[in-house]
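First the structure, in the form of structure tokens, and then the observations on it.
In our numbering, the protein residues as written are 118 to 224.
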């Protein structure tokens with residue numbers, strides 16, 4: 118066991134600042150996946166990190182107006198629903214953590 122002086126216990130001590138900087142550097146560029154899944158037929162894949170939920174639809178609509186054919190809903194932020202041409206494709210009843218309704222481009 119190594120003892121610490123009172124000064125070394127401060128959040129602004131040299132070792133603490135260095136440890137925090139090393140931790141932040143290690144986190145840059147890494148997005149830890151919390152949960153993921155897909156269907157057995159390969160129509161879609163999804164994953165959730167701390168920052169986002171991403172759904173990839175294989176063979177989804179393309180071209181002009183395609184984004185209007187894809188609907189994504191979060192209800193209260195605890196689930197995810199996705200449909201194409203009003204046909205349900207994906208329902209995840211419970212996400213790892215609640216999400217805010219912020220949609221990036223669906224395509």
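Virtual Cβ for every residue (Gly too), placed ideally from N, Cα, C.
### Query
Along the chain, which unbroken stretches of the alpha helix (DSSP H) at least 4 residues long are found entirely within the segment 165-212?
Counting whole runs of 4 or more residues, the segment 165-212 contains the alpha helix (DSSP H) stretches 183-186.
### Message
Under 8 Å, with one C-beta from each stretch per pair, do the segment 153-172 and the segment 119-131 reach the 3-pair mark?
### Response
Between the segment 153-172 and the segment 119-131, the count of Cβ pairs shorter than 8 Å is below three; the stretches do not touch.
### Message
Whole angstroms are fine: how far does the CA of residue 205 sit from the CA of residue 223?
### Response
With a pLDDT of 46 at residue 223, under the threshold of 50, the modelled position of that residue is not reliable, and the figure given next carries that caveat. The alpha-carbon atoms of residue 223 and residue 205 are separated by roughly 16 Å.
### Task
Output the distance between the C-alpha atoms of residue 183 and residue 135, rounded to the nearest integer angstrom.
Looking at the two C-alpha atoms, the distance is approximately 49 Å.
#### Entry: Reduced DSSP category for residue 126 - H, G, I as helix; E, B as strand; rest coil
When secondary structure is reduced to three states using DSSP, residue 126 falls in the helix class.
### Query
According to DSSP, is residue 214 helix, strand or coil?
Coil.
### Query
Quick one: Cα of residue 181 to Cα of residue 187, how far?
For the pair residue 181 and residue 187, the Cα-to-Cα distance works out to about 12 Å.
### Message
Using the three-state DSSP reduction, which class does residue 154 fall into: helix, strand or coil?
### Response
Looking at residue 154 - three-state DSSP - the assignment turns out to be strand.
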